[in-house]
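Okay, so here's the structure we're looking at.
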């Protein structure tokens, strides 16, 4: 932590610790899980409260709820087409979970559960398995033609098929690493510059004046991190819909 | 309406409005700044390479053929990475009927 003084310790913020001391220890429940549950509760509350009144002229909360609904619905129908409407709940849940995870992480003392590869990889695997199952259900064995573009010479099959399979599996890695790396990088930067503020601020009389510089950087970074929080949730959702498009239409 | 647009153009718009026709190119709506494209390309290459290396390494452990399958899948992973970046800029055709 920054206030301990002389060293820059940017990574301890990602350490897991048992939630509520011995209680969490006994059942293996970390603060990361607690924040996931909190995100889940907040999303449920947000959607239910914003949809509760259903007024003709929406209030602020209802407008926000409707905006997020229409945002994802527009994305899904634009990317997947009309068949995509039935996958809207899936994409919406993924989007809200990632978004709330990113945003909760911006609160002081909060834990960013999307900064753990275990969490983002699990989300990516859920997307990957769902998309593959949808493709298999819609196209059956014809799905495997995805790995060999029609019209390619047959003698190239030993090269094309492994490459296509690797390319298909790399979706899991790229989807999870992108979110994970963005969140970790942002939070490390925030912590590093916050530590600079404290270290420079302790340098005698000129210290506080010099410390204004990293403080300014940090303020800019906080704004940037909010942008990244929205952007990465958006990218995760739109890539999910692009994969859904591939599964539904199979080219 | 002063000038009649082309019939095909109006037909296409109507079909698009009714969801009968998907857009011309894929992956629209993703961030397109130089940094966005660059990071995306980097992540695509590295993840394909990682998957290739992972598959090759595990097959080698299973079959005891270290390091030959690892080398083969290393190359295949690199090819898949290049293919991913190629797809980033030239998405597959959205539909066979154009």
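Residue numbers (my numbering), protein chains in the order written: chain A, 1 to 251; chain B, 1001 to 1098. Idealized CB from N, CA, C, for every residue including glycine. Remember, predicted model here, so these are calculated numbers, not experimental data.
Going by C-alpha positions, residue 8 (chain A) is about 6 Å away from residue 192 (chain A). The beta carbon of residue 1090 (chain B) sits no closer than 8 Å to any beta carbon of chain A. Interface annotation, residue 1085 (chain B): not in contact with chain A, CB-CB separation never under 8 Å. Between residue 1077 (chain B) and chain A, the shortest Cβ-Cβ separation is below 8 Å.
Across the segment 140-170 of chain A, CB contacts with chain B closer than 7 Å involve 162, 163, 166, 167, 169 and 170, in sequence order along the chain. The segment 22-80 of chain A contains, as complete alpha helix (DSSP H) runs of 4+ residues, the segments 22-27, 31-52 and 60-80 (chain order). With respect to the C-alpha of residue 168 (chain A), the residue from A:124, A:110 and A:188 having the closest C-alpha is A:124. In this structure, residue 189 (chain A) keeps its C-beta atom at 8 Å or more from the C-beta atom of residue 113 (chain A). The C-beta distance from residue 1045 (chain B) to residue 1084 (chain B) rounds to 7 Å, short enough to meet the 8 Å contact threshold. Residue 43 (chain A) sits away from residue 111 (chain A), with the two beta carbons spaced by 8 Å or more.
Counting C-beta pairs closer than 8 Å gives three or more between the segment 80-99 of chain A and the segment 231-239 of chain A, which meets the contact rule. Between the segment 179-189 of chain A and the segment 114-123 of chain A, the count of C-beta pairs closer than 8 Å reaches three or more; the two stretches touch. For residue 114 (chain A), there is no enclosing alpha helix (DSSP H), as DSSP marks it with neither H nor E. Classified as exposed, residue 1086 (chain B) has fewer than 16 neighbouring CB atoms from the shown chains inside 10 Å of its CB. Around the CB of residue 144 (chain A), fewer than 16 other CB atoms lie within 10 Å, so the residue is classed as exposed. Close to residue 1080 (chain B), with beta-carbon spacing below 7 Å, are these residues of chain A in chain order: 163, 166, 167 and 170. Under DSSP, residue 18 (chain A) shares a beta bridge with A:30. Below the 9 Å Cβ cutoff, chain A contributes 162, 165, 166 and 169 as neighbours of residue 1055 (chain B), in chain order. Taking 8 Å as the cut-off, the beta carbon of residue 126 (chain A) is found no closer than this to the beta carbon of residue 244 (chain A).
In this structure, the straight-line span from the alpha carbon of residue 1075 (chain B) to that of residue 1068 (chain B) is close to 11 Å. In the DSSP assignment, residue 155 (chain A) falls outside any alpha helix (DSSP H) and carries neither an H nor an E. Excluding residues up to 5 positions away in sequence, 160, 161, 164, 165 and 168 lie with their Cβ nearer than 8 Å to the Cβ of residue 147 (chain A) in the same chain.
Taking a 10 Å sphere around the C-beta of residue 1010 (chain B), we find fewer than 16 other C-beta atoms and assign the residue as exposed. Scanning A:53, A:47, A:11 and A:250 for the CA closest to the CA of residue 150 (chain A) turns up A:250.
Spatial neighbours of residue 201 (chain A) in its own chain (CB-CB distance under 7 Å, excluding positions within 5 residues in sequence) are listed in chain order as 207, 208 and 211.
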